[in-house]
Amino acid sequence: MCGIIGYIGEKNASPILIQGLRKLEYRGYDSAGVAIQDGDTIARVRSVGKIENLAARAATEKLPGTVGIAHTRWATHGGVTEENAHPHTDQSESLVLVHNGIVENYREIKEQLGSEHIYNSETDSEILAHLIGEHIKESDGKLTEESFRLAVECALKEVRGTYGLVVMHKDVPDYLIVARMGSPLVIGVGTDGYYIASDATPMLAYTKKVIFLEDGEIACVSKTDMQTFNLKDECVVKCVEEIEWNQEQAEKQGYEDFMLKEIHDQPTVFEDAIRGRFNVEEGTAHLGGLNMTEEEMHSVKRIVLIACGTASYASMVGKYAFERLAGIPTEVDVASEFRYRDPIIDKHTLVFGVSQSGETADTLAALREAKRKGAFVRGIVNVVGSTIARETDGGTYIHAGPELAVASTKAYTNMVAILLLYALQFGRLKRVALATGERMLHALLEIPQKMNEILDTAEQIKTIAKVYANYDHMFFIGRGINYPVALEGSIKLKEISYIHSEAYPGGELKHGPMALLSEDFPVFGIMTKDQLYDKMRSNIEEVRARKAPVILIASQGDDTAKELGEHVMYTPKTMELLQPLLNTVILQLFSYYVAKELGRDVDRPRNLAKSVTVE
Ligand code: AGP
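The opening residue of the sequence shown carries number 1 in our numbering; numbering runs sequentially from there.
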């Protein structure tokens with residue numbers, strides 16, 4: 001996700017801002033920029049690529065001044081270009097802004113501002129800068145600190161979506177306005193000025209005294225003072241906190257590992273995945289990136305989901321959803337196999353490439369093959385501007401933010417979210433009733449809170465995980481929509497703990513694998529309440545008859561599960577097709593804590609790479 005840096009004080013701002021951006025590189029970015037105020041002028045420099053490119057430009061242009069803002073961009077709206085890089089200006093080029101977040105209603109705002117507004121970028125952030133500039137134009141007389149603040153407050157009350165932003169104006173020197181709604185911002189209180197950043201990491205070099213802004217708060221910062229307000233322009237009292245984190249902990253925002261941080265990111269990034277992409281009243285999804293007419297959508301006779309590893313298990317959940325909701329035959333193809341088979345692909349086939357990195361060589365090659373054979377080819381990827389995103393004829397970004405741990409967690413659940421929305425969008429064209437669509441969307445909106453319920457049980461899951469850390473083998477079993485969940489649970493365990501594990505459909509064990517069961521061979525059963533629950537219970541009973549220890553995921557309220565499992569972890573209930581979004585979070589935490597118990601490097605497991613860009 002994007003990173004923000006600001007500084008106002010007595011020191012030369014340029015080196016502080018550039019160094020601060022370097023400390024935020026871990027968040028992932030594709031372009032960067034800086035703006036520095038010197039008297040009544042604001043100089044701005046932006047560049048694509050690495051911070052070093054920006055630093056070289058800034059050194060050449062010699063940016064004097066002790067007040068400035070800077071930004072690393074993780075593209076969400078608009079490609080990776082210098083014009084799309086922040087900071088952005090308003091129409092008059094007097095105001096300069098950096099923004100982290102998504103302005104959901106940017107189209108309406110752009111329309112409301114009218115055609116006299118000329119934009120230089122494709123971003124929602126620039127429209128936000130123009131909106132604030134418009135409110136400044138409406139304020140009477142010379143712009144003061146107060147009228148500047150009021151204009152920002154008025155503008156932000158019109159915004160739907162999320163923002164962390166810092167804005168400055170050439171007519172109000174030595175004054176930064178900082179605002180937060182959904183995208184964190186921290187203000188460091190130094191002996192030589194104030195430091196502003198998306199997280200505490202960049203300011204540890206200068207101060208450990210920080211103020212955490214809350215959603216809906218605005219901070220007005222001069223060189224010697226800071227005042228905080230809410231959007232009703234009421235003063236808010238903030239306390240200065242002392243952070244104890246070291247540099248590395250700060251990057252992980254206090255979590256021990258990136259993987260744990262990313263597991264806990266899921267409720268937030270899930271909201272980012274679905275935001276603005278559905279309409280409850282119509283009971284359907286609107287994924288504009290599909291880039292297909294309704295006639296073309298009706299012409300689709302088969303869907304093929306091409307992916308590798310965890311992305312293929314997310315795709316398997318999508319298979320169940322497409323077939324159940326849209327009634328379209330759907331298959332999941334492992335990319336490395338697809339590309340060497342003779343796949344039956346034609347103009348009535350819709351192929352999705354599902355990939356976090358958007359760079360997986362096998363997936364990319366398979367998509368090129370599908371394109372050659374005339375299919376509709378679309379991407380479901382996380383990294384904006386990635387090769388798969390560029391080579392497909394449309395698709396959807398999953399908005400999971402940078403996923404730094406090798407083991408995929410938040411990208412998996414966001415892929416499932418997008419696949420469910422696509423299945424609903426096709427389903428509502430064909431056979432899904434409005435009421436069903438409404439019910440599904442309401443259930444989707446409850447997922448973040450239900451994920452948080454599971455995350456709140458992390459300590460119990462940790463206790464159970466420790467019991468199973470010293471086994472050499474484990475089976476994961478599930479039926480129906482929970483079979484892909486079993487596959488995902490199995491890959492999570494094996495790739496970070498190095499314990500051998502395999503996943504099977506619950507009904508398959510008796511066809512051979514059961515020969516391996518003993519008291520030394522635990523089985524992890526996913527037994528949530530759904531149409532196959534009774535069948536799954538029988539499979540678990542078969543396992544118990546072979547003396548294998550049983551761990552279960554069961555639905556809240558299913559007290560009988562305790563009769564079947566040595567250990568039971570409970571999950572909130574949701575619609576059957578959405579249940580993988582919750583069950584998988586338990587498996588992620590289970591695998592994480594098993595691996596931690598074994599002292600593994602969970603973020604960088606042996607033999608693995610985050611993005612497999614070779615065959
Ligand atoms: C997931 O935990 C693994 N790191 C791996 O299976 C990964 O999902 C696979 O390599 C596909 O990567 P992609 O999503 O970037 O294409």
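Backbone N, C-alpha and C fix where the C-beta goes; we use that ideal spot for every residue, glycine too.
Nearest-angstrom Cα distance between residue i and residue j?
{"i": "Tyr320", "j": "Thr363", "result": "21 Å"}
{"i": "Thr571", "j": "Gly557", "result": "9 Å"}
{"i": "Ser31", "j": "Ser125", "result": "14 Å"}
{"i": "Leu445", "j": "Ala458", "result": "22 Å"}
{"i": "Val166", "j": "Glu244", "result": "25 Å"}
{"i": "Ser198", "j": "Ile418", "result": "27 Å"}
{"i": "Met527", "j": "Gly182", "result": "35 Å"}
{"i": "Thr224", "j": "Tyr468", "result": "56 Å"}
{"i": "Pro343", "j": "Arg372", "result": "12 Å"}
{"i": "Ala335", "j": "Met203", "result": "44 Å"}
{"i": "Gly216", "j": "Leu455", "result": "25 Å"}
{"i": "His71", "j": "His500", "result": "43 Å"}
{"i": "Glu153", "j": "Asn452", "result": "31 Å"}
{"i": "Leu598", "j": "Arg537", "result": "31 Å"}
{"i": "Phe258", "j": "Gln356", "result": "16 Å"}
{"i": "Tyr206", "j": "Ala311", "result": "41 Å"}
{"i": "Ser555", "j": "Lys573", "result": "6 Å"}
{"i": "Ala465", "j": "Gln253", "result": "24 Å"}
{"i": "Gly133", "j": "Ala433", "result": "45 Å"}
{"i": "Glu145", "j": "Glu108", "result": "28 Å"}
Nearest to residue i by CA position, among the options, is which residue?
{"i": "His567", "options": "Leu581, Lys573, Ile540", "result": "Ile540"}
{"i": "Ala389", "options": "Ala375, Phe352, Leu419", "result": "Phe352"}
{"i": "Ala405", "options": "Val602, Gly507, Thr330", "result": "Val602"}
{"i": "Met569", "options": "Thr463, Asn482, Gly507", "result": "Thr463"}
{"i": "Ala365", "options": "Asn382, Glu403, Cys308, Ala400", "result": "Cys308"}
{"i": "Leu325", "options": "Leu260, Phe426, Val523", "result": "Phe426"}
{"i": "Gly489", "options": "Leu441, Met440, Ile553", "result": "Ile553"}
{"i": "Ala609", "options": "Glu145, Asp472, Glu403, Val186", "result": "Glu403"}
{"i": "Gly559", "options": "Lys529, Asp38, Arg604", "result": "Per the sequence shown, the amino acid found at residue 559 is Asp instead of Gly. Closest by alpha carbon: Lys529."}
{"i": "Ala219", "options": "Lys238, Tyr206, Arg341", "result": "Lys238"}
{"i": "Ala35", "options": "Lys23, Ala59, Val304", "result": "Ala59"}
{"i": "Arg22", "options": "Phe338, Tyr412, Ala285, Cys2", "result": "Cys2"}
{"i": "Gly114", "options": "Glu122, Gln91, Ser121", "result": "Gln91"}
Residue i lies in the beta strand (DSSP E); which residues open and close that run?
{"i": "Arg378", "result": "376-381"}
{"i": "Thr228", "result": "226-230"}
{"i": "Phe504", "result": "Checking the sequence shown, residue 504 turns out to be Tyr, not Phe. Segment 500-505, the beta strand (DSSP E) holding Tyr504."}
{"i": "Leu552", "result": "550-555"}
{"i": "Gly3", "result": "3-9"}
{"i": "Ile69", "result": "67-73"}
{"i": "Phe524", "result": "523-527"}
Note the first and the last residue of the continuous alpha helix (DSSP H) segment covering residue i.
{"i": "Met259", "result": "258-274"}
{"i": "Ala311", "result": "309-321"}
{"i": "Lys450", "result": "434-455"}
{"i": "Pro15", "result": "13-23"}
{"i": "Ser299", "result": "294-299"}
{"i": "Met514", "result": "Met514 -> no alpha helix (DSSP H), and no H or E assigned at all."}
Does residue i come within less than 7 Å of chain C when only Cβ atoms are used?
{"i": "Lys494", "result": "Chain labels in this structure do not include chain C; a single protein chain is all it has."}
Indicate whether residue i and residue j have their beta-carbon atoms separated by less than 7 Å.
{"i": "Pro87", "j": "Leu97", "result": "yes"}
{"i": "Gln579", "j": "Lys492", "result": "no"}
{"i": "Ala273", "j": "Ile398", "result": "yes"}
{"i": "Pro448", "j": "Phe270", "result": "yes"}
{"i": "Leu63", "j": "Ala43", "result": "yes"}
{"i": "Tyr29", "j": "Arg73", "result": "yes"}
{"i": "Ile196", "j": "Gly6", "result": "yes"}
{"i": "Phe475", "j": "Val523", "result": "yes"}
{"i": "Thr162", "j": "Ile211", "result": "no"}
{"i": "Val304", "j": "Glu323", "result": "no"}
State the beta-bridge partners of residue i as determined by DSSP.
{"i": "Val332", "result": "Leu305"}
{"i": "Asp38", "result": "Thr41"}
{"i": "Leu367", "result": "DSSP output for Leu367 lists no bridge partner at all."}
{"i": "Cys639", "result": "No statement about residue 639 is possible, as the shown extent of the chain runs from 1 to 615 and does not include it."}
{"i": "Leu176", "result": "Val221"}
{"i": "Tyr163", "result": "Met181, Gly182"}
{"i": "Gly395", "result": "Gly379"}
{"i": "Phe352", "result": "Leu305, Arg378"}
{"i": "Lys209", "result": "Glu242"}
{"i": "His567", "result": "Ile551"}
{"i": "Ala197", "result": "Ile5, Val186"}
{"i": "Met168", "result": "Val96"}
{"i": "His473", "result": "His500"}
{"i": "Asn279", "result": "Thr284"}
{"i": "His88", "result": "Leu97"}
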